[in-house]
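Participant: Below are the C-alpha cells for one structure; questions will follow.
Number of protein chains: 2
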Amino acid sequence: MTVFALEDRLVASLARGVRQRDDGDGDAAAPEEVFARAAWTSIAEPGDAAAALLIDGLGAGAALEAIVSGRSATAIAEELASQTHVDITAVTPAIGQGLERWRPRLVSAQVVRSLEQAARSGVFLALRGDESWPHGLDDLGPHAPLALWRRGAVGLGERARSIALVGARAASGYGEHVTMEAAAGLVDRGFVIVSGAAYGIDGMAHRAALASDGTTVAFLAGGLDRYYPSGHDALITRIAETGAVFSELPCGAPPTRWRFLQRNRIIAAASRATVVLEAGRRSGSLNTAGHAAALGRPLGSVPGPVTSATSAGCHRLIREFDAVCVTDAAEMAELVTGLLPEPPAARDRRSGEEQRVLDALSTRTARTADDLARRSGLSPSSVRATLGLLGIEGLIRERPDGWVSATGSPR
Amino acid sequence: MTVFALEDRLVASLARGVRQRDDGDGDAAAPEEVFARAAWTSIAEPGDAAAALLIDGLGAGAALEAIVSGRSATAIAEELASQTHVDITAVTPAIGQGLERWRPRLVSAQVVRSLEQAARSGVFLALRGDESWPHGLDDLGPHAPLALWRRGAVGLGERARSIALVGARAASGYGEHVTMEAAAGLVDRGFVIVSGAAYGIDGMAHRAALASDGTTVAFLAGGLDRYYPSGHDALITRIAETGAVFSELPCGAPPTRWRFLQRNRIIAAASRATVVLEAGRRSGSLNTAGHAAALGRPLGSVPGPVTSATSAGCHRLIREFDAVCVTDAAEMAELVTGLLPEPPAARDRRSGEEQRVLDALSTRTARTADDLARRSGLSPSSVRATLGLLGIEGLIRERPDGWVSATGSPR
Chain V
1 MTVFALEDRL
11 VASLARGVRQ
21 RDDGDGDAAA
31 PEEVFARAAW
41 TSIAEPGDAA
51 AALLIDGLGA
61 GAALEAIVSG
71 RSATAIAEEL
81 ASQTHVDITA
91 VTPAIGQGLE
101 RWRPRLVSAQ
111 VVRSLEQAAR
121 SGVFLALRGD
131 ESWPHGLDDL
141 GPHAPLALWR
151 RGAVGLGERA
161 RSIALVGARA
171 ASGYGEHVTM
181 EAAAGLVDRG
191 FVIVSGAAYG
201 IDGMAHRAAL
211 ASDGTTVAFL
221 AGGLDRYYPS
231 GHDALITRIA
241 ETGAVFSELP
251 CGAPPTRWRF
261 LQRNRIIAAA
271 SRATVVLEAG
281 RRSGSLNTAG
291 HAAALGRPLG
301 SVPGPVTSAT
311 SAGCHRLIRE
321 FDAVCVTDAA
331 EMAELVTGLL
341 PEPPAARDRR
351 SGEEQRVLDA
361 LSTRTARTAD
371 DLARRSGLSP
381 SSVRATLGLL
391 GIEGLIRERP
401 DGWVSATGSP
411 R
Chain F
1 MTVFALEDRL
11 VASLARGVRQ
21 RDDGDGDAAA
31 PEEVFARAAW
41 TSIAEPGDAA
51 AALLIDGLGA
61 GAALEAIVSG
71 RSATAIAEEL
81 ASQTHVDITA
91 VTPAIGQGLE
101 RWRPRLVSAQ
111 VVRSLEQAAR
121 SGVFLALRGD
131 ESWPHGLDDL
141 GPHAPLALWR
151 RGAVGLGERA
161 RSIALVGARA
171 ASGYGEHVTM
181 EAAAGLVDRG
191 FVIVSGAAYG
201 IDGMAHRAAL
211 ASDGTTVAFL
221 AGGLDRYYPS
231 GHDALITRIA
241 ETGAVFSELP
251 CGAPPTRWRF
261 LQRNRIIAAA
271 SRATVVLEAG
281 RRSGSLNTAG
291 HAAALGRPLG
301 SVPGPVTSAT
311 SAGCHRLIRE
321 FDAVCVTDAA
331 EMAELVTGLL
341 PEPPAARDRR
351 SGEEQRVLDA
361 LSTRTARTAD
371 DLARRSGLSP
381 SSVRATLGLL
391 GIEGLIRERP
401 DGWVSATGSP
411 R
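Just so you know, the protein sequences line up as chains V and F, in that order.
Residue numbering for the first sequence follows UniProt numbering, starting at 1 and increasing by one per position.
Residue numbering for the second sequence follows UniProt numbering, starting at 1 and increasing by one per position.
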C-alpha cells in the first residue's frame, strides 16, 4: 500500500486495531480500505459531499491514493467518470475545491497518531454495513458520515426504536423534570434515548435513561479520546459502558461550533423522531430540530410557560415549523409509532335533550313532565322519552308528584 | 293585535320600552314585530332552528300568531311554503315537534312580565340590522339568535376588531397572569375583548381590559335582570357601563348548562378570533373553541407547563384541533390581522466557511492562513477570502505572525 508511503504491515496493524471481530458485514473490508476510511475522517470535515462522492465512486483507498499522489482535479474527475455516471465538467470544480481543502491535512503522522490513540482508548471504527451503524444515517445521502468512531457495543440498527431528546444547555428545573419523566417513560416503552451529552436537557435525558436501566446513545462533536464537556466525563463513560458513544471525528480532534452543528444532523438522522424539551429562541437544539424536519423525521416539541424564555424556542417550533405539541412520553412515542391520537374523550356525551331535562330538574322539588317541558323548552312527549333514558342511567328519581334529579346541582 | 289576546296599546308600549331611539335600521320594526321577537326569546330555547325557519319565513308576529291560534303543523307549513321555497313534507315534522316544544311556554303573563322587567332594568332588545347587533352572528345561519337582550351601548358591528379571550373557571396564577398581559396588549392594539364573565380566565380578561381603559363585551347565559355569577355582579355592571352585556335569554330566565353551551357559540361567532388561555382537559372553554373552529374562525391556544392540569386542554387544542400556538398579544392579534409570522430570525447568519475559520482561530495564539486551512478543513484560498470578510466585521485581528479571534471563545 503506497498511501502516505506507509508500509502495508503498519496499515494492516492500524486497521486491525480499530476494528472489532463482531463488526458485521463491514468487517469484510480490506485493511487498506479500513485505514483509508479512518484517514478520511481526519482529512475531511463532517458533511463534506465532495469527499463522499470520491469515496463512493473510487473506494476510500483509491480516493486517498488519488489525492496523496498529487493528481489534478481533472485527472481524478476522469477516473471517477470512468467508473460511475458523473458528469466530468460538473464534478471537476468540486473536486478541485476539495483538493485545496484536503491537501493541508495530508499529514500521515497525524493520521497514524489518531489511529494508535483510538486503539489504545478502545475507540473503534464503525462502517456502513456494521451492526452498530445507525441505520437512519443513510438518509443523509452525500452528507452521511464517511465512518463513525464508536465506544460501546450498542448500535442503532434497522429495528432500533430510537428517539432523540434534545434541548437547551441552560435548562430550567421545569425542563429537567419534564425530560426526566419523558426519558423514563420512553425507556419503559422500549426506546433507546439518543442525545448529545451536553449540559442541561441532553445530560438529563441520558441520566434518566440510565437510572431507568434503559439504553442510551450519545453523539459527540469531537474525538472520543477526550469527552466533551469534561464535566460529563463520568456520565459519558457510563453511556459508553451500557450503550454507545459515537463521533464522526477521530481521536485528537477537538469539538468546534461547526462540528456541533454537523453533529446535530447525525442525532436527527440516527433517530426515528426528535423531541425538543426546552429551548430558548436561539438554542442549538433548534438546529437539530431543523435537520429532523429537513429529513422528514417526526419532530415533537414540549410546550412550557409562555413566561419562560427557555420554552420560547419550543413554542416557535410549534408555531412556525409545524412541530407536534407533545406533553408526555406517550405522545412522544406516538410520533414514532405513527398511531393516531386517542379519539377525544366524548365531551358532551349527553344529548341536548338529556342536558336540557337535567337542567330543568330540581334535586328537592318534584316536577311533572309538563312542567319540565315548559322549563326546558322541549315538547312534553320528548321530555317523557328523555326521562325514561335518564331513569335507566340512574340520573333521576320518580316520586308520586313528579321527578327529581339524583345528581345534585345541574351546573 | 290579536297575539296573546293582548291590546294593541299594551303591545306597543311594551315594544317601545325595550327599544332605544338609536337602534339603527332595526328601529324601523313595527311594535308588533318587536314584541313578537321579544316573546320568541321566551318561547324558544337558544339555537332553535325550527323557530328561526318560521320567523324568517312569516315574520316574528305572524309566526307567533300562527302558534298561538292553535293552527296545525301542516297548516303552518303550507303558509310557510306559500311565502318561501321550503319543501312542505320536509318542514312539517320539524314544525310539529316545534309546536310541542313551544306550546307549554305560550303564557302571555310571563312574556309581559319579562318585558316589563327589561324596561325597568334598562335591558334593551337588539335586532339584526341594529348598530349594536354583533355582525359575526349572521354566520350562524338558522342557529343565529332570534334577538339579543342588551345592556350597554357598545356594539360589535362590521368594523369591530373583536377577539374572544376565554378559559377555565379554575384558573391558575399563571393563567390569570397571561390573560392579564394578553388583554392589556390586545386593548393597546385596538381590540374589543369578548368573554363570558365567568370566574377565572373570563373575569380576568374583562378586568384587565377595563383596567387598560379598553372596551369589553360579555355574553351571559341567563336574563340580564340578574347577573350570573353573582360574585361578578359589580364587574358585569362595569362592563355594561363602558361596553356591553348581551344575552339570548329574556329577563327572568336562569342560566342552565344547555344555555351556557349555546352562549359559547355566540361568543365564538361574535368574535373574529377565539383564544383559549387556560383550560383543563374538559373545560367548557373547549366548547367555545369547537364552535370557533366549526365557524372557520381563527383559533389560538396558549401553552403552559405540561405539568399543569389547567393547561392540558390548551395543549389538546394545539395537538388535535389545529389551534395556533400563541404566546403573547402580538401573536393573538396576528390571528385576526392574518399577517404572516415575522420571518424567523436568521439562525446561523454566518456562512459555514466563516464559522469554521472562527472555530480554528485562537484568541491568544496567532495562526497563519495555511494553519487555519489545515485546522478548518478549508482550502487556503477560501480561508484567505473568509479572513477578509471576518476582518471587515471586526471579528478577527491581524498580527505580524498571523490572525487571532477578537470575539473570545468560539463556542
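Think of the CB as a built atom: it goes at the ideal place given N, C-alpha and C, for glycine as much as any other residue.
Keep in mind that this is a model prediction, so the values were computed, not measured.
Just the chain F side, please: which residues come within less than 8 Å of V:E131 by C-beta, in chain order?
Facilitator: Stepping through the first sequence from its first residue, residue 131 of chain V is reached at position 131. Identification of chain F residues near V:E131 by a Cβ-Cβ cut-off of 8 Å yields none; the smallest Cβ-Cβ distance measures about 30 Å.
Participant: Please report the straight-line C-alpha distance between F:R399 and F:S405, rounded to a whole angstrom.
Facilitator: The residue labelled residue 399 of chain F in the question sits at position 399 within the second sequence. The residue labelled residue 405 of chain F in the question sits at position 405 within the second sequence. Using only the alpha carbons, I get a separation of about 11 Å.
Participant: Identify the contact partners of V:S230 in chain F, using a Cβ-Cβ distance below 7 Å as the criterion.
Facilitator: Mapped onto the first sequence, residue 230 of chain V falls at position 230. What V:S230 touches in chain F: nothing, since even the nearest Cβ is about 13 Å away.
Participant: Which runs of the alpha helix (DSSP H), 4 residues or longer, sit entirely within the UniProt domain "DprA winged helix" (341 to 402) of chain V?
Facilitator: 352 to 360, 369 to 376 and 380 to 392
Participant: Helix, strand or coil for V:T216, going by three-state DSSP, please let me know.
Facilitator: For the purposes of this step, residue 216 of chain V is taken as the residue at position 216 of the first sequence. The answer is strand: DSSP assigns V:T216 an E or B state.
Participant: Output, in chain order, the set of chain V residues within a Cβ distance shorter than 7 Å of F:A44.
Facilitator: For the purposes of this step, residue 44 of chain F is taken as residue 44 along the second sequence, with counting starting at 1. The contacting residues are G377.
Participant: Could you name the residues of the same chain whose beta carbon sits closer than 7 Å to that of V:C325, not counting the 5 residues immediately before and after it, in chain order?
Facilitator: Position 325 of the first sequence, counting from 1, holds the residue named residue 325 of chain V. Contacts found: S301, P303 and I318.
Participant: Terminal residues of the continuous alpha helix (DSSP H) containing V:L125?
Facilitator: As a first step, residue 125 of chain V must be located in the first sequence, where it is residue number 125. V:L125 -> not in any alpha helix (DSSP H); beta strand (DSSP E) instead, spanning F124 to A126.
Participant: With C-beta atoms as the reference, is F:A218 less than 9 Å away from F:A182?
Facilitator: Here residue 218 of chain F refers to the residue found at position 218 of the second sequence. Here residue 182 of chain F refers to the residue found at position 182 of the second sequence. When the beta-carbon positions are compared, F:A218 and F:A182 stay at least 9 Å from each other.
Participant: Kindly list the residues whose CB is nearer than 7 Å to the CB of F:L137, restricted to its own chain and excluding five residues on each side of it in sequence; keep chain order.
Facilitator: Against the second sequence, residue 137 of chain F aligns to sequence position 137. If we look at F:L137 and ignore the five residues flanking it on each side, its Cβ neighbours are A144, P145, I266, A269 and A270.
Participant: Could you pull out every residue in the same chain whose Cβ sits closer than 7 Å to the Cβ of V:E353, ignoring the five residues on either side in sequence?
Facilitator: Looking up residue 353 of chain V in the first sequence gives position 353. For V:E353, where only same-chain residues beyond five positions count, the Cβ hits under 7 Å are L378, S382 and T386.
Participant: Return the residues of the segment 98 to 119 of chain F that lie within a Cβ-Cβ distance of less than 9 Å from chain V, sorted by chain order.
Facilitator: Those would be G98, L99, E100, R101, W102, R103, P104, R105 and V107, in chain order.
Participant: Could you tell me which chain V residues have their CB closer than 7 Å to the CB of F:I318, listed as they occur along the chain?
Facilitator: Position 318 of the second sequence holds residue 318 of chain F. Chain V residues near F:I318: I318 and C325.
Participant: Please list, in chain order, all residues of the same chain as V:A119 whose beta carbon is under 7 Å from its beta carbon, the five residues on each side excluded.
Facilitator: The sequence position of residue 119 of chain V within the first sequence is 119, counting from 1. Closer than 7 Å at Cβ, skipping near neighbours: G17 and V18.
Participant: Please name the residues in the segment 290 to 307 of chain V whose beta-carbon is closer than 8 Å to at least one beta-carbon of chain F, in chain order.
Facilitator: The segment 290 to 307 of chain V vs chain F, Cβ under 8 Å: G290, V302, P303, G304, P305, V306 and T307.
Participant: Would you mind sorting F:Q83 into buried or exposed? The rule is 16 or more other CB atoms within 10 Å of its CB.
Facilitator: The residue given as residue 83 of chain F occupies position 83 in the second sequence. When all chains shown are included, F:Q83 counts as exposed.
Participant: F:V107 by DSSP, collapsed to three states: which one?
Facilitator: Taking the first residue of the second sequence as position 1, residue 107 of chain F is located at position 107. The three-state secondary structure of F:V107, taken from DSSP, is coil.
Participant: Any beta carbon from chain V within less than 9 Å of F:A312's own beta carbon?
Facilitator: Taking the first residue of the second sequence as 1, we reach residue 312 of chain F at position 312. Yes, contact with chain V.
Participant: Going along the chain, which residues of the segment 173 to 196 of chain V sit with their C-beta nearer than 8 Å to a C-beta in chain F?
Facilitator: Y174, H177 and V178
Participant: Using 9 Å as the limit for Cβ to Cβ distance, is V:F4 near chain F?
Facilitator: Translated into the one-based positions of the first sequence, residue 4 of chain V becomes position 4. Taking Cβ atoms only, chain F never reaches closer than 9 Å to V:F4, which makes this a no.
Participant: State the DSSP-derived secondary structure class of F:R272, mapped to helix, strand or coil.
Facilitator: To locate residue 272 of chain F, count along the second sequence from 1; it is residue 272. F:R272 falls in the coil class under three-state DSSP.
Participant: Residue range of the beta strand (DSSP E) that F:G300 falls in?
Facilitator: Here residue 300 of chain F refers to the residue found at position 300 of the second sequence. Unbroken beta strand (DSSP E) run through F:G300: L299 to S301.
Participant: Given that V:H315 touches chain F, what residues does it touch there, using C-beta distances under 8 Å?
Facilitator: By one-based count along the first sequence, residue 315 of chain V stands at place 315. Result: P303, C325 and T327.
Participant: Taking 8 Å as the threshold, find out whether the segment 207 to 218 of chain V comes into contact with the segment 101 to 109 of chain V through three or more Cβ pairs.
Facilitator: no
Participant: If you drop the 5 nearest sequence neighbours on each side, which residues of the same chain put their C-beta closer than 8 Å to that of F:G394?
Facilitator: Along the second sequence, read from residue 1 onward, the residue named residue 394 of chain F stands at position 394. Once the five neighbours on either side are set aside, the close Cβ partners of F:G394 are A406.
Participant: Tell me, to the nearest whole angstrom, how far the beta carbon of F:A170 is from that of F:G200; I am working on the premise that it is less than 8 Å.
Facilitator: Locating residue 170 of chain F in the second sequence gives position 170, where the first residue counts as 1. Locating residue 200 of chain F in the second sequence gives position 200, where the first residue counts as 1. Confirmed, Cβ separation roughly 6 Å.
Participant: Name the chain F residues that come within less than 9 Å of V:G402, Cβ to Cβ?
Facilitator: Mapped onto the first sequence, residue 402 of chain V falls at position 402. Those do not exist, as V:G402 stays about 15 Å from chain F at its closest Cβ, beyond 9 Å.
Participant: Which residues in chain F sit within 8 Å of V:P380, going by Cβ to Cβ distance?
Facilitator: The residue labelled residue 380 of chain V in the question sits at position 380 within the first sequence. Chain F residues near V:P380: E100 and P104.
Participant: Considering just the uninterrupted stretch of the alpha helix (DSSP H) at V:V18, what are its terminal residues?
Facilitator: Counting from 1 along the first sequence, the entry for residue 18 of chain V is found at position 18. Taken as a continuous stretch (DSSP letters only), V:V18 belongs to no alpha helix (DSSP H), as it is neither H nor E.
Participant: Comparing the C-beta of V:A279 with each C-beta of chain F, is any distance below 9 Å?
Facilitator: As a first step, residue 279 of chain V is located in the first sequence; it is residue number 279 there, counting from the start. By this cut-off, V:A279 is not an interface position.
Participant: Alpha carbons only, please: which of F:I88, F:R367, F:W40 and F:T89 is nearest the one belonging to F:A147?
Facilitator: As a first step, residue 147 of chain F is located in the second sequence; it is residue number 147 there, counting from the start. Measuring from the Cα of F:A147, the nearest candidate turns out to be F:W40.
Participant: Using 8 Å for Cβ pairs, my map puts V:Y228 next to V:P250. What's the rounded Cβ distance?
Facilitator: Within the first sequence, numbered from 1, the residue matching residue 228 of chain V stands at position 228. Within the first sequence, numbered from 1, the residue matching residue 250 of chain V stands at position 250. Contact between V:Y228 and V:P250 does not hold, since their C-beta atoms are separated by about 14 Å, which reaches or exceeds 8 Å.
Participant: Within the 9 Å Cβ cut-off, does F:L146 reach chain V?
Facilitator: Taking the second sequence and counting its residues from 1, one reaches residue 146 of chain F at position 146. Not one chain V Cβ lies under 9 Å of F:L146.
Participant: Near F:A60, what residues of its chain come up, given a Cβ to Cβ distance below 7 Å and the 5 sequence neighbours on each side ignored?
Facilitator: Translated into positions along the second sequence, residue 60 of chain F becomes position 60. Contacts found: E33, A36, R37 and W40.
Participant: Exposed or buried, which one is residue 470 of chain F when buried takes at least 16 other CB atoms within 10 Å?
Facilitator: Outside the displayed range of chain F (1 to 411) lies residue 470 of chain F, so it cannot be described from this structure.
Participant: Quick one: Cα of F:I236 to Cα of F:A197, how far?
Facilitator: Stepping through the second sequence from its first residue, residue 236 of chain F is reached at position 236. Stepping through the second sequence from its first residue, residue 197 of chain F is reached at position 197. The alpha-carbon atoms of F:I236 and F:A197 are separated by roughly 7 Å.
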